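Taken in order, these protein sequences are the chains called A and B.
Plus 40 on top of the position in the first sequence (first one is 1) and you've got the working numbering.
Plus 344 on top of the position in the second sequence (first one is 1) and you've got the working numbering.
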Amino acid sequence: MAASLSSMTTLSAPRPVRLLNISNPYSSPSHVRLLPCTTSRYTRLVVRSTPSEIANKVSESIKNAEETCADDPKAGECVAAWDEVEELSAAASHARDKNKGKDPLEEYCKDNPETDECRTYED
Amino acid sequence: MAICTVHTTPSLSMPNTHLNQRQVIFFTSARKNQFFRGQNRAFTVSCSADAKTVVIGLAADSGCGKSTFMRRLTSVFGGAAEPPKGGNPDSNTLISDTTTVICLDDYHSLDRTGRKEKGVTALDPKANDFDLMYEQVKALKEGKAVDKPIYNHVTGLLDPPEVIQPPKILVIEGLHPMFDERVRDLLDFSIYLDISNEVKFAWKIQRDMAERGHSLESIKASIEARKPDFDAFIDPQKKYADAVIEVLPTQLIPGDNEGKVLRVRLIQKEGLKHFSPVYLFDEGSTISWIPCGRKLTCSYPGIKFTYGPETYFSNEVSVLEMDGQFDRLDELIYVESHLSNLSSKFYGEVTQQMLKHSDFPGSNNGTGLFQTIIGLKIRDLYEQIVAERAAATAQAAKV
């Protein structure tokens, strides 16, 4: 009973391609666009994007800096505004790097090492 | 392993200056200890902490945190460095078994709004609390825990402090580790990453072009705006550094402006107590070496090494320079086998460390190579200091 329950959860949890038998028509890129809801189970879309919160902050700060500097490029406010842009860009880049390595299966297995899909065997 | 010495105290009631250190006092009664014949004797056991902390300073522009150098450095010492568990998720601190990395942005006295009002950048010393920095680094060096503030890079605010326990090796990373003279004197070793303007521009383009809102002009404007403050406050620190890693555009490809192939110079100060510079073939002579030839085949543009003594801001230095890129494993091991004084524990350790982190930027050129070598040098420096302190304490105990 318990085994079948865990196998049910396996199918709905996002799984990387390596664990499944790959020969399905949905893995080609053109189908990815047409059927977004089903493809997430079979292909892993790797998107290297900044978390939206920080990305918004970066674009806002750039606009702000450009406005402030329109009057006087040498003023302290202008310099401070561009420094803020630099700081936020660095934070955005760090956030991207942090998310880049995140594998959903590894994250799940860190907290639940005893589940079926997380068991490791060493011969 | 702590080294403890036992000595008798004349009397517990007498004011004793030694009692403000961490000490355990054993009070024996006369009956139990007949040796003292009715007299009450008190013994104090004072233990020195597991070798007081070794402090390393790293100066690098723009932002701290999970930078590549720190990851390589902590990897040399063993163990992965992670943010403190259960604390503020935006903490800039990294902790591993032996090392703690502190980001000096945490000592900003003005948060982002404060700096905007005053019109100062984070590079300006006015935005940083050097007194607090000095106090806390001194306390950690002496083996006391501190409550260090947290500067949140995302919100730009100063968050409530976190407790930092004194580690074996403390690395302070940021814009101003060598700016304040008192902090400079606390450092056992200091490193400065000097990136030339062209390379900095190329790297920032790579980093920011994917960012919505950024354009070539905005990246350029940002670098230009920060340049005066950078040249006035950050750049002068390089004359105090014990090792400078200078990154320049390559000379092997004429007219290259992509910044992919780099010329990296490792400038090492001579005459330091626990640091012996890396050299090529013959220490103190001038060498120019192209490893690619009959024994080793390299692809374009190849690799070129030079080594020689120089003067850097009126200090005697030895400069090891690498221009070009590694393509294959055997190039790396070939180069490593010809370098001397690497302080590696076994043949191929540098190559092994580089391979371990082959996904890090700079793993195929001099930046990764020299960062790894400096990591080994710091490990060697740490072991020398610990051995020295152990010998000194043993000597004191004998006397």
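No residue lacks a Cβ here, since even glycine has one placed at the ideal position from N, Cα and C.
Computed from a prediction, not measured in an experiment: that's the story for all the values here.
Just checking: is the beta-carbon of residue i within a distance shorter than 9 Å of some beta-carbon in chain A?
i      : result
S435/B : no
R416/B : no
S562/B : yes
S702/B : no
D503/B : no
D552/B : yes
K410/B : Reliability of the predicted coordinates at K410/B is poor, the pLDDT of 48 falling under 50, and the value obtained from them is presented with this limitation in mind. Chain A, which has a Cβ nearer than 9 Å to the Cβ of K410/B, makes this yes.
A569/B : yes
K548/B : yes
E665/B : no
E555/B : yes
Which residues mark the beginning and the end of the alpha helix (DSSP H) in which residue i is found?
i      : result
Q715/B : 710-742
M477/B : 474-485
D538/B : That residue, D538/B, is in no alpha helix (DSSP H); its beta strand (DSSP E) goes 533-539.
I102/A : 92-111
C118/A : 116-140
L530/B : 525-530
E517/B : From DSSP, E517/B is part of no alpha helix (DSSP H) but of the beta strand (DSSP E) over 513-518.
A565/B : 560-573
T444/B : Run containing T444/B: none in the alpha helix (DSSP H); it sits in the beta strand (DSSP E), 443-447.
List, in order along the chain, the chain B residues whose C-beta lies closer than 7 Å to that of residue i?
i      : result
A120/A : R459, K460, G463, V464, T465
E107/A : Within 7 Å Cβ-Cβ: nothing; E107/A doesn't reach chain B, min ~12 Å.
Could you give the residue range of the beta strand (DSSP E) that holds residue i?
i      : result
C149/A : Unbroken run through C149/A is the alpha helix (DSSP H), 144-151; no beta strand (DSSP E).
E506/B : 502-508
K613/B : 606-613
K648/B : 647-656
E660/B : 659-668
S632/B : 631-633
K492/B : 490-495
G637/B : Here G637/B belongs to no beta strand (DSSP E), and DSSP marks it neither H nor E.
Name the chain E residues that come within less than 7 Å of residue i, Cβ to Cβ?
i      : result
V498/B : Included in the structure are the protein chains A and B, with no chain E among them.
Of all the CB atoms in chain B, is at least one closer than 9 Å to the CB of residue i?
i      : result
D143/A : no
E100/A : yes
E150/A : It is Lys, not Glu, that sits at residue 150/A in the sequence shown. For K150/A, the answer is no, since every Cβ of chain B falls outside 9 Å of its Cβ.
A110/A : no
P153/A : no
T160/A : no
T90/A  : yes
E157/A : no
E146/A : no
L85/A  : A caution first: L85/A carries a pLDDT of 48, below 50, which makes its placement in the model too unreliable to give a value.
Interface residues of chain A around residue i at Cβ under 9 Å?
i      : result
D573/B : V119, D123
R733/B : Going along chain A, no residue has its Cβ under 9 Å from R733/B, so there is no contact; the nearest lies around 36 Å.
S440/B : By Cβ distance, chain A contributes nothing, its closest Cβ being about 17 Å from S440/B, past 9 Å.
H328/B : Outside the shown range of chain B, which is 345 to 743, sits residue 328/B, and nothing can be said about it.
Between the Cα of residue i and the Cα atoms of the options, which residue gives the shortest distance?
i      : options                        : result
L501/B : Q581/B, L514/B, N432/B, E525/B : N432/B
A576/B : G599/B, E627/B, F523/B, V527/B : F523/B
L753/B : I677/B, V694/B, W633/B, P645/B : Given that chain B is displayed from residue 345 to residue 743, the structure contains no residue 753/B and the question cannot be resolved.
N659/B : E680/B, K460/B, K582/B         : K582/B
A403/B : F474/B, A736/B, A585/B         : A585/B
T716/B : I400/B, T397/B, T412/B         : T412/B
Y644/B : T655/B, G603/B, I597/B, F657/B : I597/B
D473/B : P510/B, P521/B, G692/B         : P521/B
K485/B : T737/B, V398/B, V445/B         : V398/B
E675/B : T695/B, Y656/B, V661/B, G518/B : T695/B
A121/A : K103/A, C149/A, Y161/A, S133/A : K103/A
R662/B : G668/B, T650/B, Q669/B         : According to the sequence shown, residue 662/B is Ser rather than Arg. Closest option to S662/B, Cα to Cα, is T650/B.
V119/A : A135/A, S101/A, S133/A         : S101/A
I535/B : L417/B, A565/B, D441/B         : L417/B
Which residues in chain A sit within 7 Å of residue i, going by Cβ to Cβ distance?
i      : result
E660/B : Neighbours of E660/B on chain A: none; closest Cβ ~35 Å, over 7 Å.
Q566/B : Checking the displayed sequence, the identity of residue 566/B turns out to be Ser instead of Gln. Under the 7 Å cutoff, chain A gives W122, V125, E126.
R456/B : E124
Is residue i a contact residue of the ligand ATP, with contact defined as CB to any heavy atom under 8 Å?
i      : result
P433/B : The model on display carries no ligand, and the ligand ATP is accordingly not part of it.
Meets three-Cβ-pair contact criterion under 8 Å: the stretch 679-687 of chain B and the stretch 719-735 of chain B: yes
Are the stretch 474-486 of chain B and the stretch 427-443 of chain B touching by the rule of at least three beta carbon pairs closer than 8 Å? No, because fewer than three Cβ pairs between the stretch 474-486 of chain B and the stretch 427-443 of chain B fall closer than 8 Å, the two stretches do not touch.
Check whether the stretch 468-477 of chain B and the stretch 97-109 of chain A touch, using three or more Cβ-Cβ pairs below 8 Å as the test. no
If contact is defined by three or more beta carbon pairs under 8 Å, each pair taking one atom from either stretch, is the stretch 608-620 of chain B in contact with the stretch 694-714 of chain B? yes
Any contact between the stretch 490-501 of chain B and the stretch 445-456 of chain B? By contact I mean 3 or more CB pairs, one from each, below 8 Å. yes
Is the stretch 126-145 of chain A touching the stretch 587-601 of chain B, taking contact as three or more C-beta pairs under 8 Å? no
Does the stretch 123-136 of chain A touch the stretch 456-467 of chain B, meaning 3 or more C-beta pairs lie closer than 8 Å? yes
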